[in-house]
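The sequence shown begins at 1 in the UniProt record's numbering and counts up one residue at a time. The beta-carbon is built from N, C-alpha and C at its ideal position, and this holds for glycine as well. Report on one structure; see the data block that follows.
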Amino acid sequence: MSSSTEVETFLKKPDDSTTGGHVVEFLNSRFRELEDLEKLDSILSNIKKREGELEEKRVKTQEKTTETLQSSLKAFKSTVALLEGFQATRMDLEEDLTDHCSELTSSNSFGIYRKPNSKTFLQDLILLNDNITDLKAAKQYLGTVMVAEELSNQATQLIEKSPQKALVPYMQLAELSQNIRKNNNYSDGVVGNLDEYLMRTVESLLLEMRSRLTKKFQQTLDALQWPNPIELPYTPNMHDKIAAFRKAFIELLLLQRPVENLDNRTLPRDSTKGKNQELPRLIPIEVMVEPLILRFRYHFDSKRRTNRIDKPEWFFTFVLNMIRDHSLFFAEEVQSILHEAKFTLYNAKNDFIRALLTAITHKLSHIAPSLLNTPHIFSHTVFETLQFDQTLREVHFYVPPGLEEWKGCVEVFTGRKELFKAWLQVERDFAEARYNDIVHAEDAWDIDEDASSEDELRPTKSAEKLIDLLELITSRYKPLPMFNIRIRFLVDIQTELLDAYAKRIESAVNAFESIGHSIMKAVPVAGAVSDNKWTEGVEGLKRLCRWLSAARYVCAVIKEWGEDPFFLDLWHDVNIRAAMNTDVASLPSPIPSVRSSEGGAPDEDDEAYDTSNNDGTIFDGSAEPYDRLIERIERIIVRNVSREFTNEAKAYNRKTTWSRKDIHTFDASVAFPTSHLDPSFDPKKALEISPELYTPLAQLTHSLTFLADNLPNRLFLQLYKELSKEIEDYLWHRLLMRNQFSEIGGWQFTTDVEKGLFTIGRRWVRKPETYFRRTHDACILLTLPTEKEHRHNTGKHRTIFDVLQILTNNDEPNAIPRLLEELQIYVLNAEEVREVIERRVEVWRH
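This is the structure:
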C-alpha cells in the first residue's frame with residue numbers, strides 16, 4: 001500500500017457499524033460467562049493504558065508528519081526553480097547552435113542569407129582533407145611503382161646468375177600485386193590502374209624470366225640433338241650434356257611454383273585437395289614438345305601429301321611413334337628430375353603425352369566440320385580416334401596428371417552437340433544398312449553347321465552375323481568413359497536392332513500360324529515353297545527350328561552379355577542416376593525415356609533414365625520379346641507334331657475292335673486255354689502293333705528324328721516331354737475314355753503303346769514310360785486277367801475282379817493304396833483307376 005493511501009485511511013472517519021461490531025466482538029471474547037465480570041476492572045485498566053499509549057504515538061506521528069510536509073514543499077519549490085534555469089539555458093544553446101551551423105553549411109535551412117558561390121568553413125576543411133588524401137595516395141602509388149620496378153630489376157639481373165635467387169624478388173612482386181588487388185577498392189580508378197600495372201609487370205617479368213631460362217634450356221636440348229630420340233644407357237660423352245640438361249630443366253621448372261602461387265593454386269607437392277583436378281602443364285616439357293608439334297604440323301597441317309582427311313591413322317601413328325621413341329627417356333631421366341624437384345604428383349611420360357595431344361585435338365577440331373559431309377570418313381576417323389585413345393590407355397597407361405579418368409581425344413566429337421549427333425547418326429545408318437543386308441541375305445535363315453558342338457544351339461547365319469554386328473558396335477563405344485555416350489549407343493542402336501530382329505522373327509511366326517501365302521511373301525524365308533505345305537511336316541519344323549535357333553541364340557548371348565563387367569557397370573550407373581532423380585517403380589531396361597530422347601550431345605549431368613531396378617541386367621528388357629518368341633515357337637512345334645500325329649491317327653482312333661475277344665486273326669482260345677495253361681506264352685510277344693498306327697508312328701518318328709538332329713539335347717528332351725503330354729492326353733480322352741476294352745483289347749493297346757510309342761522314345765530317352773505315366777498305369781489295368789488261370793507270363797497276381805472288389809470296399813481305407821503299390825500304379829488315383837477298370841467289358845458282364 002502506498003503512503004498516500006495510508007494517509008487517506010488514517011484521515012477517514014471511523015465507521016459506526018464497524019466500530020460497533022468490533023466492540024461486540026471484543027465483549028463476547030472477554031465476557032463469556034457471568035464469572036468473567038470479575039475481570040472487568042483489570043480489562044478496563046488495560047484498555048485505558050493502551051489508549052494513553054496510542055494517544056502519545058498519535059501526537060508524535062502528527063509532529064513528524066508536519067515536519068515531513070514542510071521539507072517536501074521546500075524541495076519542490078527548489079526543483080521548480082532549477083528546471084526554469086535549465087529551460088533558459090537550453091534556449092541559449094539552441095541560439096548558439098543555430099549561429100554555428102550557419103557558419104559551417106551552405107544550405108539555407110536556417111533561413112540565413114549567403115553570397116553566391118561562397119564556401120563554408122566545413123567545405124574548406126573537406127577540400128583540404130581530400131587534397132591531403134590524394135597526395136598520400138600519389139606518394140603511395142609512386143612508392144609501389146618504385147618497389148615494383150626495383151623488384152623487377154633485381155629478378156632480371158639475378159635470372160642469369162642464380163634463377164633460385166631471382167625467384168625471391170619475383171615472388172615478392174607477385175605477392176605485392178595480390179595484396180593490392182585484395183586490400184583496395186576497385187571502384188577507385190587510381191588503385192585499379194596500379195593493380196593493372198602490377199599485373200602487367202608480373203606477367204612481363206615472368207615472360208622475360210621464362211624466355212631467358214628457355215633459351216638456356218634450349219641450348220642444352222640442342223647439345224643433345226633434340227628432338228632426335230635419346231638412347232639409354234648414355235655414352236660417355238653424353239654425361240656432361242645430360243647434367244647440363246638436368247640443371248637447365250630444374251631452373252626452368254622453378255618458374256612452375258610461382259605461377260601456381262600467382263593463380264592461388266595448391267602446390268603440386270602439397271596437394272591434398274582437389275584430387276580430380278588437372279595439374280598445370282610443366283614448362284620444360286612444353287618447350288621440349290614444341291619441335292615435335294612443328295614436325296606434326298609440317299606433315300599434317302600443310303599441303304603435303306601426308307595431309308589426307310581420309311587417312312587419320314597416319315597422324316595417329318605419327319604421334320604414337322613419337323611417344324614410343326621418347327617414352328624411355330621421359331619415364332626414367334625426366335621422371336627422376338621431377339622427383340628431385342619434389343614434383344611427385346607428376347608423371348613425366350604422361351605430361352609429355354598431354355603436350356603432344358594438343359596437336360591431335362587441334363587437328364581433329366580443324367577437320368571435324370569437313371567430316372560432316374563424308375559420313376564414311378567421319379565414321380572411320382572416330383573409329384581411329386577411339387583406337388588411338390585405347391592404345392594410350394592400355395599400352396601407355398595414360399591419364400592426365402591430377403585426373404583419375406581421361407575422356408580421350410574422341411571428346412572432340414562427343415563434346416559438341418552437332419558432332420556427336422552426326423556421329424551417332426552415321427553409326428546408326430551403318431548398323432541399319434548392315435542389318436538389312438544380314439536379314440535379306442538368301443542364306444539368312446540357314447543353320448551355321450560349323451557354329452558349335454552337338455549339345456549347343458546352332459545359330460542361323462543371320463543371328464550369328466547380328467551378334468557380330470552388335471559386338472562391333474559395342475567395340476565402338478566401349479572405350480568411352482562417358483556414361484551418357486555409352487547408353488545412347490546401347491539404346492539408340494543396339495536395342496533397336498535387337499527389337500527389329502525379334503519383330504522380324506515374330507512376323508514370320510505370325511505368317512506361319514496364319515498359313516497365309518500372301519503374308520509369307522511379305523516375310524521372306526529361305527526355302528519357301530509355293531503352296532501351303534510349307535507349314536507341314538519336316539518343312540514346317542525346319543522353319544520353326546531355324547527361327548527358334550535364331551531367337552534362342554540371340555537371347556542367350558545378350559543374357560550372357562548382361563553379366564559382363566562392362567554392362568554390369570553400365571547398368572549400375574543407370575540405377576545410380578535413377579535413384580538420384582526418381583522414386584518410381586522399376587521399369588524394364590533399356591529405359592523408354594532414353595529411347596525416345598533427342599539425338600543431341602549427351603550431358604554428363606543429364607539424368608533422364610527412369611529406372612531404379614538394381615536386380616537383373618541391362619539387357620533384360622531386350623531379352624523379354626525373345627523369351628516370349630522362344631516359348632511361343634516351342635508351343636507351335638509341340639502343337640504341330642502332336643496335330644500331325646493325331647491327324648494320322650484318326651483311323652486308329654476309329655477302331656471298334658477293342659472290346660472283341662479276337663483281334664487281327666488272333667485266336668483267343670489259343671491265347672487263353674481253358675484246361676492247360678502254357679507258362680511260356682507271352683501276349684506282348686504274340687501281338688503286333690495295330691496296322692492303323694503304322695503311319696502316325698512313322699510320322700512321329702520322322703518329326704522326332706528331325707528335332708533331335710537339329711536341336712540341343714536338353715531342348716529336345718523338353719519338347720519331347722511336352723509332346724508326350726499332348727499325345728497322352730489325346731490317347732486318354734479320345735481313345736481310352738471313349739472305348740470299351742476286352743482283356744485282349746487291353747493287351748493290343750498296351751502293345752501299341754510299348755512297341756510303338758515307347759520303342760520310338762527309347763532312341764532318345766532311357767525310360768520313355770516315365771513320360772507316359774498315366775498311359776503306363778492304364779495299360780496295367782487294361783491287361784489285368786479276368787480269371788486266375790489266365791495270368792500267363794505277365795507276372796500279375798490279381799484279377800480285374802479282385803481289384804474292383806478292393807476299390808468298392810470302403811471297410812479298409814488302407815487297402816487301396818496297398819493295391820496300387822502292388823500293381824505298380826503310381827500316378828492314377830483311386831477314382832481314375834476305377835474309371836479305367838470300368839472301361840473293361842468283363843466288368844459289365846460280370
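- Taking all protein chains in view, the Cβ of ASP450 is surrounded by fewer than 16 other Cβ atoms within 10 Å, so the residue is classified as exposed.
- Pairing LEU128 with SER152 gives a Cβ-Cβ distance that is not under 9 Å.
- A straight-line Cα-Cα distance of about 31 Å links LEU83 and GLU63.
- For ILE309, the closest of PHE329, GLU290, ILE367, LYS165 by C-alpha to C-alpha distance is ILE367.
- The beta-bridge partner set that DSSP reports for ARG840 consists of PHE741.
- Annotation: the continuous alpha helix (DSSP H) that includes ARG393 extends over 375-394.
- When DSSP reads this structure, ILE447 sits in a beta bridge with THR460.
- Taking the Cβ atoms as the reference, GLU405 lies roughly 5 Å from PRO481, within the contact range of under 8 Å.
- In the three-state reduction of the DSSP assignment, ILE230 falls in the coil class.
- Secondary structure of LEU498 (DSSP, three-state): helix.
- The criterion of a C-beta distance shorter than 9 Å is not satisfied by GLY540 and ASN647.
- Distance from the CA of GLU821 to the CA of LEU828, rounded to the nearest whole angstrom, comes to 11 Å.
- With contacts defined by Cβ atoms closer than 9 Å, PRO284 and PHE249 form a contacting pair.
- Proximity to LEU320 across LEU345, LEU697, GLU754, LEU357 peaks at LEU357, based on C-alpha coordinates.
- Per DSSP, the continuous alpha helix (DSSP H) segment holding THR19 begins and ends at 16-30.
- Note on ILE126: under 16 other CB atoms within 10 angstroms of its CB, so exposed under the neighbour-count rule.
- Taking C-beta separations shorter than 7 Å and ignoring five residues to either side along the sequence, the partners of PHE316 in its chain run GLU384, PHE388, following chain order.
- The Cβ atoms of ARG654 and GLN740 do not sit closer than 9 Å to each other.
- Secondary structure of GLU411 (DSSP, three-state): helix.
- DSSP places ASP240 inside the alpha helix (DSSP H), whose first and last residues are 239-253.
- For ILE689, there is no enclosing alpha helix (DSSP H), as DSSP marks it with neither H nor E.
- In its chain, beyond the 5 residues on either side, TRP226, PRO227 have a beta carbon closer than 8 Å to the beta carbon of PRO291.
- Within the same chain, Cβ atoms closer than 7 Å to the Cβ of VAL412 are found at THR361, LEU364, SER365, ALA368, the five residues on either side in sequence being excluded.
- The residue among ARG552, SER71, VAL843 with its C-alpha nearest the C-alpha of ILE633 is ARG552.
- Note on HIS339: under 16 other CB atoms within 10 angstroms of its CB, so exposed under the neighbour-count rule.
- Comparing alpha carbon positions, the residue from LEU279, GLN335, ALA355, PHE329 closest to PHE296 is ALA355.
- Taken through DSSP and simplified to helix, strand or coil, GLY52 comes out as helix.
- Per DSSP, reduced to three states, the secondary structure at PRO785 is coil, with no helix or strand assignment.
- In this structure, DSSP gives TYR435 a helical state, which the three-state scheme calls helix.
- Apart from sequence neighbours up to five positions away, the residues of its chain that approach VAL145 with a beta-carbon distance below 8 Å are LEU194, TYR197, ordered along the chain.
- Using a Cβ distance threshold of 9 Å, ALA815 and ILE825 do not count as a contacting pair.
- Rounded to the nearest whole angstrom, the CA to CA distance from ILE293 to LYS465 is 43 Å.
- In this structure, LEU472 lies away from LEU497, with their beta-carbon atoms at least 9 Å apart.
- GLY621 places its beta carbon less than 9 Å from that of THR495.
- In the displayed model, PHE397 falls within coil according to three-state DSSP, outside both helix and strand.
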